[in-house]
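Under my numbering, the first residue of the first sequence carries the number 2, and numbering increases by one thereafter. Heads up, the beta-carbon is just placed ideally off N, CA and C, and yes, glycines get one too. A short worksheet on the structure shown next.
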Amino acid sequence: MKQIISDLIAQALRELEQTSQIPSEIGANIQVTPARDPGQGDYASNVALTLAKAAGMPPRTLADLIVGQISAIDTIEKVEVAGPGFINFFVASATSHSIIRNVLEQGDDFGRSSHGQGGKIQIEYVSANPTGPLHVGHGRGAAIGATLASLLNFVGYEVQQEYYVNDAGRQMHILGTSVWLRYLELCGETVTFPSNGYQGDYVWDIAATLHRENEARFQKPVAEVMAEVSEDAPAGDKEKHIDDLIEKAQTLLGENEYRIVFDLALVTLVDVIRNDLHAFGVDFDCWFSERSLSDDGLIDQAIQRLQDSGNVYEQDGAQWFRSTDFGDEKDRVVRRENGQTTYFASDIAYHMNKFDRGFGRVINIWGADHHGYIPRVKASLTALGYDADNLEVELVQFANLFENGNKISMSTRSGEFVTLRQLREDVGLDAARFFYVMRKTEQHMDFDLDLAREQSNDNPVYYLQYAHARICSVRRQCAEKGISLVTGEANLERLENTHEQALVKQLSIFPERVEAAALRREPHLVVNYLRELANLFHSWYNAHQFMVDDVELRDARMALASAISQVLRNGLKLMGVSAPETM
RNA sequence: GCGCUCGUAGCUCAGAUGGAUAGAGUGUUGGCCUCCGAAGCCAAAGGUCGUGGGUUCGAUUCCCGCCGAGCGCGCCA
C-alpha cells in the first residue's frame, strides 16, 4: 500500500514537471508514513513540505497541485491536503479489510518476508565465561539475541546463532584451581580458600563429582600446595596469590592430570549453561571454543597475516598491532613478552574466522561495558582486508534488579547472585523473556522482580496474553453453543465502527513493524506493537458484542477476532513468549 | 582527564531517517460486570522533552557548550 501511494505521488510529480508547473529534477525523496490519527486518513506524506522550497511555492499550494494530479484508483477512496501541507490518503475499506483474509490464510507465516533473501547472518550472544551459572545480568543479552535471531529469520535471513566459549583464559584457570582446592578439602585436607577464588556452591558440586569418580587420585598435601605461594589479601596481593596457586596446581598435578580437573569444570559448567539457556527458550547452533583457535593455529595465522601486511611491530619484547592506523586510540599487544598471545589476538582470529566461514554479516551482542573494545576489533578486520562495516556490535545496557524497591547487586566471584534459572522459576518464562526485551536495547533498564511476579493487570505480559485468551474463550463458547463460524467467507464490509477500522489498520502494519524491528535490531518495537494491538482489541471487546444474532455481523467480527489472535500469537512467538488459550 | 551510552509526566519507559495537539503503562481521582473472561474498559489530572546557544519554513529529534547518571580507558579475560 505504501509503495502504491509512493508511486502515485511520483507519477503526479512527473506530470507536474512535464507540464512545467514545478521545476524539473527537484529530486523528490518521497516519504509515506502510516497516519497517526484516523482523522488524517490511513497514510500521509510530507512531500509538499520537503519540496516547497525547491518548487518555489508555499507547501499547501504545492500539495494542492500534487493532489490535483494524482490519478484516481479504486483502492484509494480519498486524498486531501491538511495542516501545513501534508497529503493524507484514505484507503478504501474493501481494500483495507482484505488484510483479515490475508492473516487467516497465511496463519503462522503472516508477517514473514523475504527481505533478507536468504543472506547468511551470524549472531553471537551471551558468550559468558563458563565460570559459573548464568545470572540475571546475562538474561537480557540472551533474550534480545534470541528474539533478534527469530526476527531476522522471520524476515528472510539464514541465521546462525553462536556462543563463544571462553575456555582458554585465566578466569577458567582460577575456576579449575578453585575446584581442585575444594576437592582437596573433600579429601580431608585443611585448605584456606583463596579470597579471589570462585566461592559459589556449584564449585563444591563439581569438586564432589571429581572426588566421587577419582577418589584421592589428585590429592596433594596442603603443605606442598601452599609452599612458596605468596600471601593472600589483605596482607598480600590476592591476584598474585591465585596465580601462584594455579601454577602450583599445574606443576604438582602435571599437565595431563591438571587438564582432567580443568576440563571437568569446563564441561560441567558449559552443560549447566546450555541447559539453563534451553529452559529459557534459547538454543544455539554452534558453541565455538576459544581454545580451538590456538589448537587450529588460527591465532598464529591471524598474527602472521597482520605481520605480512606490515601492521605489527615489536617493542619491549612484545608484538603490537598498529591499530591506531585504523582509528583505535592506542596500539594493542597481540603477543606478550613471554610469548603468549593475548585475548585480543584470539578475538582477531575469531572474527577473521567468522567471515571466512562465509557470513555476509556478523552481529555481536555485547554488554555495554565492552564498548571500548569495538574500535580495536574493527581495526583488526580492516587491517586483515575485511570490510569492518559487516561487523555490527549491539551494546546491551545492564539491567538493574529491584526487589522491594532495593537494588540487588551481584558478583559471580563471591557467589552472590540471582541466577537466570532462579529468575525464571520465580517469575515464569514468559514474564522473564518479555521484561528483558520490553525496553530499547541501549537503554538502561530496571527489572522489577515484584512487578514481573505479579499476576495482575500490573504485569504487561498478561495484558497481551489475556487478549489472546479472551479471543480463544469466545471461540470456545461459539463452539459450545453450536454456532458455526464461516469466518473465511465473512462479509467484512460489516466491520464499520471506529474500533474495527483501527484494528484493521493495526493488523495491516504488522509486517512492516516486524521488519523494522529486525532491520533496526530493536525487538522492543514488537512489544510496543502488540501492546497497541491488545489495547485496541480490549477496547473493542468492551464496546461491542461478538456473539450477536446477526449471523453476517457475527462472522465478520469473529473473523477479525481470529486474525487478531493470530497476529498476537505470531508476535509473541518471536519473543519466545507463549500465547495461552486459557489463563 | 579522554571516550562510549544516556537524560522525556511522581515512577518505569515509547517517540528511526527533523513535521500536524509530545504518547503508553503504573500511581492518584472518579465511573463501568441482570450481557461473550473486570488479568479488562472509559474519563480526569499530571510536561519550560536536563540546561544554554546554533542550523531552518519547522527541533524531543541534527550540531556545539555546560550540568547530571552509568560504563569503559591492562603485555586481564
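In the structure shown, S46 falls within a strand segment according to DSSP collapsed to helix, strand and coil. In the DSSP annotation of this structure, the continuous segment of the alpha helix (DSSP H) that includes P376 starts and ends at I375 to A384. Membership of C287 in the beta strand (DSSP E) is indicated by the continuous run C287 to S290.
The stretch 69-150 contains, as complete beta strand (DSSP E) runs of 3+ residues, the segments 77-83, 87-92 and 121-125 (chain order). The stretch 218-266 is shown to contain no whole beta strand (DSSP E) run of 3 or more residues. Within the DSSP secondary-structure output, Q423 pairs in no beta bridge.
Separation of G572 and L531 (C-alpha to C-alpha, rounded to the nearest whole angstrom) is 7 Å. The Cβ atoms of E78 and F91 sit closer than 8 Å to each other. Contact check for Q398 and M446: beta-carbon distance about 7 Å, within the 8 Å limit, so the pair qualifies. In this structure, G140 lies near L421, with their beta-carbon atoms less than 8 Å apart. In this structure, DSSP gives F418 a state outside helix and strand, which the three-state scheme calls coil.
Nearest neighbour of N47 by Cα position, chosen from L17, S72, I10 and I71, turns out to be I10. Secondary-structure assignment with DSSP links W541 through no beta bridge to anything. Counting only runs of 3+ residues, the beta strand (DSSP E) found wholly inside the stretch 158-188 occupies 159-166, in chain order. Assignment of Q444 by DSSP, reduced to helix, strand and coil, places it in the coil class. K249 sits close to V226, with the two beta carbons spaced by under 8 Å. By the Cβ criterion, the stretch 150-157 is not in contact with the stretch 167-186, since fewer than three pairs of Cβ atoms, one from each stretch, lie closer than 8 Å. Contact between T76 and I23 does not hold, since the beta-carbon distance rounds to 26 Å and is not under 8 Å. C-alpha of R336 to C-alpha of C188: approximately 39 Å in a straight line. By the neighbour-count criterion, in which a residue is buried when 16 or more other Cβ atoms sit within 10 angstroms of its Cβ, S310 is exposed. Taking each of V80, E106 and P35 in turn and checking the Cα distance to E490, the smallest one comes out for E106.
Taking N89 as reference, the option from E232, E443, L385 and P35 with the minimal CA-CA separation is P35.
Across the set V68, V334, L185 and V104, the C-alpha of V104 shows the shortest separation from the C-alpha of I565.
In this structure, A557 sits away from N498, with a CB-CB distance that is not shorter than 8 Å.
Residue pairing by DSSP places W367 opposite L396 in a beta bridge.
Judged by DSSP in its simplified three-state form, E533 adopts helix. For Q316, the enclosing beta strand (DSSP E) covers residues V313 to Q316.
V462 and L504 have their C-alpha atoms spaced approximately 20 Å apart. DSSP, read as helix, strand or coil, puts L270 in helix. Sequence-distant Cβ neighbours of T96 in its own chain, meaning closer than 6 Å and more than five residues away, are T76. Excluding residues up to 5 positions away in sequence, I122 and N391 lie with their Cβ nearer than 6 Å to the Cβ of R362 in the same chain. The bridge partners DSSP lists for I409 are L402. Counting other Cβ atoms within 10 Å of its Cβ, L520 stays below 16 and is therefore classed as exposed.
Minimum Cα-Cα distance from E330 among the listed residues D357, N354 and K379 corresponds to K379. Between the stretch 127-147 and the stretch 268-278 there are three or more C-beta pairs closer than 8 Å, enough to call the two in contact. In this structure, DSSP gives F436 a helical state, which the three-state scheme calls helix.
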